[in-house]
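Working notes, structure below.
There are 2 protein chains.
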Amino acid sequence: MADEAAFQFLHNEVIQYIYKSAESGETDNGRHIAKLENMGFRVGQGLIERLTKDTARFKDELDIMKFVCKDFWTCVFKKQIDNLRTNHQGIYVLQDNKFRLLSQLSAGKQYLEQAPKYLSFSCGLVRGALSSLGVKSIVTAEVSIMPACKFQIMIQKM
Amino acid sequence: MADEAAFQFLHNEVIQYIYKSAESGETDNGRHIAKLENMGFRVGQGLIERLTKDTARFKDELDIMKFVCKDFWTCVFKKQIDNLRTNHQGIYVLQDNKFRLLSQLSAGKQYLEQAPKYLSFSCGLVRGALSSLGVKSIVTAEVSIMPACKFQIMIQKM
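Chains as they are written, first to last, in our numbering: chain A, 241 to 398; chain B, 241 to 398.
This is the structure we're talking about:
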């Protein structure tokens, strides 16, 4: 499917670009991650606004999460989240068994340490989407076996 | 259609990011344009390789151009080029009457001077695609009335 590849290729280029601009003095990995996360945040905000333009009001937090797992995820990653779990106390875990932005990397352990680069944009994406729906959160991601991936969302009570 | 918006939003963020990184000392507009063009080039290379994986060999240059106007453009911009003209001496003009990356900007003259920012990535995209098909070119873009846009391709004979 080349049809949705433009986003994927551009995403890769952005990562390359941000890491290469390290030549201008910034060698701090944390800053690169933060930049990617911020980009994702704004893209997520824009996308969710467009996606929810004509949807009914959400019942509760769980309802919002379901929307993110289904509609939002399908819009960006062309598949749904495979598993959504929650402790009903503000922590949600979204599991994607074949995360699209990792599927181009080798499935072995070889590139496991590169994975965070490829996840921070998407963490921001989720955080941005939730933020536009009035849910403040911290989103982290974790990979144990590529290309499966878990996103953990911690809701910040206000 | 929110479905293809991820690419569009990410493209906007990249432009923002590159222009904002001017705070680190680079105020040269030409360099920003070149960076965007280079990103586009590599995205174009990747996309065309994927798109042409199973297509028959192209007959000639015009055949390649037609592929870029139809399949390639549809893949990235969800519509075909509206008009393809050539002088049969290595110059091609591709007209898109509603160019997707400009359609978010106001149609008036107000933002006309901002247009080049939003076109350089796409110029690179075309140049990269052609380059992977063995055609070396120079690609420029021109806007007279938003969101219509003309891409001029000059083939470099080798």
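Glycine is no exception: its CB is placed at the ideal position from the N, C-alpha and C atoms.
Worksheet item: Do Ile273 (chain B) and Pro356 (chain B) have their CB atoms nearer than 8 Å?
Response: Here the question's residue 273 (chain B) lines up with position 33 in the second sequence. Here the question's residue 356 (chain B) lines up with position 116 in the second sequence. For Ile273 (chain B) and Pro356 (chain B), yes; Cβs fall inside 8 Å.
Worksheet entry | 8 Å Cβ cutoff, Ala245 (chain A) in contact with chain B | Taking the first residue of the first sequence as position 1, residue 245 (chain A) is located at position 5. Closer than 8 Å: yes.
Item to complete: Please determine, among B:Gln285, B:Ile331, B:Leu302, the residue with the shortest C-alpha to C-alpha distance to Val316 (chain B).
Response: Along the second sequence, one-based indexing puts residue 316 (chain B) at 76. Out of B:Gln285, B:Ile331, B:Leu302, B:Gln285 has the C-alpha closest to the C-alpha of Val316 (chain B).
Discussion item. Is Leu250 (chain B) a contact residue of the ligand GTP, with contact defined as CB to any heavy atom under 7 Å?
Written reply: Questions concerning the ligand GTP fall outside what the structure shown contains, since it holds no ligand whatsoever.
Discussion item. Please classify Lys275 (chain A) as buried or exposed, where buried requires at least 16 other C-beta atoms within 10 Å of its C-beta.
Written reply: Sequence index remark: in the first sequence, residue 275 (chain A) carries index 35 (1-based). A buried status is given to Lys275 (chain A), since no fewer than 16 other beta-carbon atoms sit within 10 Å of its beta-carbon.
Discussion item. Measuring only the C-alpha atoms, how far is Gly374 (chain A) from Leu334 (chain A)?
Written reply: Translated into the one-based positions of the first sequence, residue 374 (chain A) becomes position 134. Translated into the one-based positions of the first sequence, residue 334 (chain A) becomes position 94. The straight-line gap from Cα to Cα measures roughly 19 Å.
Practice prompt. Could I get the ranges of all uninterrupted beta strand (DSSP E) runs contained in the region 367–395 of chain B, with 3 residues as the minimum, in chain order?
Written response: 377–382, 389–395, all fully within the region 367–395 of chain B.
Worksheet item: Taking DSSP as the reference, what is the three-state secondary structure of Asp336 (chain A)?
Response: Here the question's residue 336 (chain A) lines up with position 96 in the first sequence. Asp336 (chain A) falls in the strand class under three-state DSSP.
Practice prompt. Go ahead and pull the three-state DSSP assignment for Arg297 (chain A).
Written response: Taking the first residue of the first sequence as 1, we reach residue 297 (chain A) at position 57. Assigned with DSSP and collapsed to three states, Arg297 (chain A) falls in coil, not helix or strand.
Item to complete: Measuring alpha carbon to alpha carbon, tell me which of A:Phe307, A:Lys397, A:Ile321, A:Phe312 ends up nearest Lys376 (chain A).
Response: As a first step, residue 376 (chain A) is located in the first sequence; it is residue number 136 there, counting from the start. Checked all of A:Phe307, A:Lys397, A:Ile321, A:Phe312; the closest Cα to Lys376 (chain A) is A:Lys397.
Worksheet item: When we look at the beta-carbon of Gly348 (chain A) and count the other beta-carbons within 10 Å, is it buried (16 or more) or exposed?
Response: The sequence position of residue 348 (chain A) within the first sequence is 108, counting from 1. Gly348 (chain A) is exposed by the Cβ-count criterion.
Item to complete: Could you name the residues of chain B that Glu253 (chain A) contacts, counting a contact when the two beta carbons are closer than 7 Å?
Response: Along the first sequence, read from residue 1 onward, the residue named residue 253 (chain A) stands at position 13. In chain order: Met279, Arg282, Val283.
Discussion item. Is it buried or exposed, Glu353 (chain A), if we count other Cβ atoms within 10 angstroms and call 16 or more buried?
Written reply: In the first sequence, residue 353 (chain A) corresponds to position 113, counting from 1. Glu353 (chain A) counts as exposed, since fewer than 16 other beta carbons sit within 10 angstroms of its beta carbon.
Item to complete: Would you mind sorting Met394 (chain B) into buried or exposed? The rule is 16 or more other CB atoms within 10 Å of its CB.
Response: As a working note, residue 394 (chain B) is residue 154 in the second sequence. Counting Cβ neighbours within 10 Å, Met394 (chain B) comes out exposed, since fewer than 16 surround it.
Worksheet item: Which stretch, first to last residue, makes up the alpha helix (DSSP H) that contains Leu250 (chain A)?
Response: Position 10 of the first sequence, counted from the first residue, corresponds to residue 250 (chain A). If you look at Leu250 (chain A), you'll find it in the alpha helix (DSSP H) that goes 245–260.
Discussion item. On the DSSP bridge list, what partners appear for Asn323 (chain B)?
Written reply: In the second sequence, the residue the question calls residue 323 (chain B) occupies position 83. B:Gln335, per the DSSP bridge assignment.
Fill in: Residues that Leu287 (chain B) contacts on chain A, provided the C-beta gap is smaller than 7 Å
On the second sequence, position 47 is the one that residue 287 (chain B) refers to. By Cβ distance, chain A contributes Ala242, Ala245, Ala246, Phe249.
Worksheet item: Mapping DSSP to helix, strand and coil, what is Gln360 (chain B)?
Response: Residue 360 (chain B) sits at position 120 when you count from the first residue of the second sequence. The amino acid occupying residue 360 (chain B) in the given sequence is Ser; Gln does not appear at that position. DSSP places Ser360 (chain B) in helix when its eight states are reduced to three.
Fill in: Buried versus exposed call for Asp336 (chain A) [16 or more other C-beta atoms within 10 Å across all chains shown]
On the first sequence, residue 336 (chain A) is found 96 positions in, with the first residue counted as 1. Here Asp336 (chain A) is buried, its C-beta having at least 16 other C-beta atoms within 10 Å.
Discussion item. Does chain A have any CB closer than 8 Å to the CB of Arg290 (chain B)?
Written reply: Numbered from its first residue, the second sequence carries residue 290 (chain B) at position 50. Judged by the 8 Å Cβ criterion, Arg290 (chain B) is in contact with chain A.
Worksheet item: Among B:Thr292, B:Lys319, B:Ala381, B:Glu301, which has the Cα closest to the Cα of Phe361 (chain B)?
Response: Working through the second sequence from its first residue, we reach residue 361 (chain B) at position 121. Checked all of B:Thr292, B:Lys319, B:Ala381, B:Glu301; the closest Cα to Phe361 (chain B) is B:Ala381.
Practice prompt. Report back the beta-carbon spacing between Phe247 (chain A) and Ala246 (chain B) to the nearest angstrom; my notes put them in contact at under 8 Å.
Written response: As a first step, residue 247 (chain A) is located in the first sequence; it is residue number 7 there, counting from the start. As a first step, residue 246 (chain B) is located in the second sequence; it is residue number 6 there, counting from the start. Taking the Cβ atoms as the reference, Phe247 (chain A) lies roughly 5 Å from Ala246 (chain B), within the contact range of under 8 Å.
Fill in: Min CB distance Tyr257 (chain A) to chain B below 8 Å
On the first sequence, residue 257 (chain A) is found 17 positions in, with the first residue counted as 1. Closer than 8 Å to some Cβ of chain B, the Cβ of Tyr257 (chain A) qualifies, so yes.
Worksheet item: Looking at the structure shown, is Thr314 (chain A) part of a helix, part of a strand, or coil, going by DSSP?
Response: Residue numbering aside, residue 314 (chain A) sits at position 74 when the first sequence is read from its first letter. In this structure, Thr314 (chain A) counts as helix in the three-state DSSP scheme.
Worksheet entry | Limits of the alpha helix (DSSP H) - the one that Gly280 (chain A) falls within | Your numbering for residue 280 (chain A) matches position 40 in the first sequence. Start and end: 269–291.
Worksheet item: What residues of chain B sit near Val316 (chain A), judged by a beta carbon separation below 7 Å?
Response: Taking the first sequence and counting its residues from 1, the one referred to as residue 316 (chain A) is at position 76. What Val316 (chain A) touches in chain B: Ala246.
Worksheet item: Taking only beta-carbon atoms, is Ser261 (chain B) less than 8 Å away from chain A?
Response: Numbered from 1 along the second sequence, position 21 holds the residue referred to as residue 261 (chain B). With respect to chain A, the C-beta atom of Ser261 (chain B) has a partner C-beta closer than 8 Å.
Worksheet item: Ordered along the chain, which non-local residues of its own chain (more than five positions away) have a Cβ less than 7 Å from that of His251 (chain A)?
Response: Here residue 251 (chain A) corresponds to residue number 11 of the first sequence, with the count starting at 1. In its chain, beyond the 5 residues on either side, Leu341, Phe361 have a beta carbon closer than 7 Å to the beta carbon of His251 (chain A).
Worksheet item: Taking DSSP as the reference, what is the three-state secondary structure of Gln344 (chain A)?
Response: Taking the first sequence and counting its residues from 1, one reaches residue 344 (chain A) at position 104. Per DSSP, reduced to three states, the secondary structure at Gln344 (chain A) is coil, with no helix or strand assignment.
Discussion item. One question on the structure: do Tyr351 (chain B) and Leu345 (chain B) come within less than 8 Å of each other, judged by their Cβ atoms?
Written reply: Along the second sequence, one-based indexing puts residue 351 (chain B) at 111. Along the second sequence, one-based indexing puts residue 345 (chain B) at 105. It is a contact, given that the beta carbons lie within the stated cut-off.
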